[in-house]
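Chains as they are written, first to last, in this note's numbering: chain S, 1 to 142; chain X, 1001 to 1142; chain P, 2001 to 2142; chain Y, 3001 to 3142.
We treat Cβ as the ideally placed atom computed from N, Cα and C, and that holds for glycine.
On a predicted model such as this, the values are computed, not experimentally measured, just so you know.
Let me begin by presenting the structure, written as structure tokens, before commenting on it.
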């Protein structure tokens, strides 16, 4: 399930009460927020920062998101969020995710998101070389 | 794109400022909330209410969500949200969605969500006959 | 409770499932989102649009928020949101709010928010005359 | 500003992109979520867990919230969240909060929330003795 040939960022988050819904479980839309925070963490763990990418005048707009929900997460537990770069292309990239219960290891969800590189004016752009190199160099732990 | 052989619920929503992010567009996780509200509206437009489904002791847990983002939505506009039942099974169902700009008709996103019927204790259950009949009878406008 | 000497905008919203939490009620932070949407609606009902205020190069930053929660709102109900301008100053303004159950009239919450006018660079500014006049003319229904 | 005679819980959080809005700052409603997470953290740092309070059959419903916003927080930074018990009563309690920039120490916001103890059926209740003792014993670091 987890890729073994590339860097996988891992972070542990407490479930926040506001993230739950009336089913007493984490609301399914929240997983996209966990995925996004996992991407932020991925960048930090590899020495970068998404804020810097934006300062360079670019955004990684989400073009597709896919989540498979296995077992609900609840308030009072921690979630282990894993994230990796699944694919790098000239104008975009794809991230993969796995969310598990931090104590039991049970899988809460898996998913992918696709992104394209856009300039501040919204136009699609080539990923700047520095960032493309950085992304492509993710096939081994740093 | 839109199915022509079944009921399609349609509702128009103003984008809320809180739904935007620092890219100045609606945050991508918000689309799952629009989808969910579209399901609620679908039920109301066909004479039902999801709250009643819960009172009957059941939930429609989301098992999969897929969103394809076309063009960003922004604060100050209205979104037209369309929703239909794509498939009914004994223990679950699938909904389809289309989100467009209420004025221009441009597509913001399309997507699907899969659900299974669960009892309050979390166990998977057959969709109660009354609800299954209701869902299956959606192939023509009411 | 409600002011009788000025325009009060009123709008009715369905509670969204995503707005609830594990107590099976609307999460308390959501009321600030209802307040904000009430401000947007207030502007629209008086012929304006907050997006236009931003296009003019200004923001109404929130400097203070106060919410008193009376009775919880739940999924399956509609909320009536009322909003008015409580005070206009040279550099800021104050809004008042009342949220009630759309069917029973029971009060869910009341509150106020204070705002200052800021320019895009973040500096405090005088409210532009056109907007100040508009805000001050709110003491009678339009 | 910060109380010196009682336990103050402190935690550091990264701002999540989803927490920002089109002003490119953290949305003001998000501060109530930070406050809430600060309460959860407060309980964990003093050896308790709010989930256990709920298992005991009680909730701490929010009856009032007050936030004073000083300086906006942005994506790319960390926030230091401080939380303490301001007051304990037989049926309720009050928490105080301070949010600062984790690097510069600049204050983003301060605030308070009031809570009453309710049973699962919604009725107001005395805070159970074990919890009341725990709350009252907060006047010194543990």
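Any chain X beta carbon closer than 8 Å to residue i
i               : result
residue 3121(Y) : no
residue 3142(Y) : Its pLDDT being 47, under 50, residue 3142(Y) is placed unreliably by the model, and the measurement read from it follows with that caveat. Not one chain X Cβ lies under 8 Å of residue 3142(Y).
residue 2059(P) : no
residue 3031(Y) : no
residue 3014(Y) : no
Nearest-angstrom beta carbon gap, residue j and residue i [assumed within contact, 8 Å]
i               : j               : result
residue 1031(X) : residue 1075(X) : 15 Å between Cβ atoms; not a contact.
residue 2065(P) : residue 3028(Y) : 6 Å
residue 3070(Y) : residue 3015(Y) : Wrong, their Cβ atoms sit about 16 Å apart, outside the cutoff.
residue 1009(X) : residue 1041(X) : 5 Å
residue 3073(Y) : residue 3025(Y) : 7 Å
residue 2002(P) : residue 2089(P) : The Cβ separation is near 22 Å, so there is no contact.
Rounded separation between residue i and residue j - CA only
i               : j               : result
residue 2022(P) : residue 2085(P) : 34 Å
residue 1136(X) : residue 3138(Y) : 58 Å
residue 3091(Y) : residue 1079(X) : 45 Å
residue 111(S)  : residue 1050(X) : 27 Å
residue 2125(P) : residue 2118(P) : 5 Å
residue 34(S)   : residue 81(S)   : 7 Å
residue 2142(P) : residue 2046(P) : Below a pLDDT of 50, predicted positions are generally treated as unreliable, and residue 2142(P), at 48, falls in that range; no measurement from the model is reported.
residue 1100(X) : residue 3044(Y) : 45 Å
residue 67(S)   : residue 3056(Y) : 34 Å
residue 3134(Y) : residue 93(S)   : 50 Å
residue 2123(P) : residue 2059(P) : 10 Å
residue 6(S)    : residue 95(S)   : 12 Å
residue 2129(P) : residue 2011(P) : 28 Å
residue 954(X)  : residue 2004(P) : Since the displayed chain X opens at 1001 and closes at 1142, residue 954(X) lies outside it and no answer follows.
residue 1120(X) : residue 3113(Y) : 32 Å
residue 3037(Y) : residue 77(S)   : 13 Å
residue 2063(P) : residue 3020(Y) : 16 Å
residue 3127(Y) : residue 13(S)   : 29 Å
residue 2104(P) : residue 3104(Y) : 49 Å
residue 3087(Y) : residue 3053(Y) : 18 Å
residue 48(S)   : residue 1131(X) : 51 Å
residue 39(S)   : residue 1109(X) : 22 Å
Proximity test, Cβ basis, 8 Å: residue i and chain Y
i               : result
residue 18(S)   : yes
residue 1024(X) : yes
residue 37(S)   : yes
residue 134(S)  : no
residue 1106(X) : no
residue 1146(X) : Only positions 1001 to 1142 of chain X appear in this structure, which leaves residue 1146(X) out of reach.
Short CB-CB distance (under 8 Å) between residue i and chain P
i               : result
residue 3064(Y) : yes
residue 3101(Y) : no
residue 1051(X) : yes
residue 1076(X) : yes
Chain S within 8 Å of residue i, Cβ atoms only
i               : result
residue 1068(X) : yes
residue 1028(X) : yes
residue 2042(P) : no
residue 3084(Y) : no
residue 3131(Y) : no
residue 2056(P) : no
Residues sharing a beta bridge with residue i, DSSP
i               : result
residue 3026(Y) : 3020(Y)
residue 3009(Y) : 3083(Y)
residue 2110(P) : 2068(P), 2098(P)
residue 127(S)  : Partner(s): none; residue 127(S) has no beta bridge.
residue 118(S)  : 59(S), 124(S)
residue 1014(X) : 1078(X)
(request) Entirely within the region 36-102 of chain S and at least 4 residues each: give me those alpha helix (DSSP H) ranges in chain order. (result) Correct list: 50-55.
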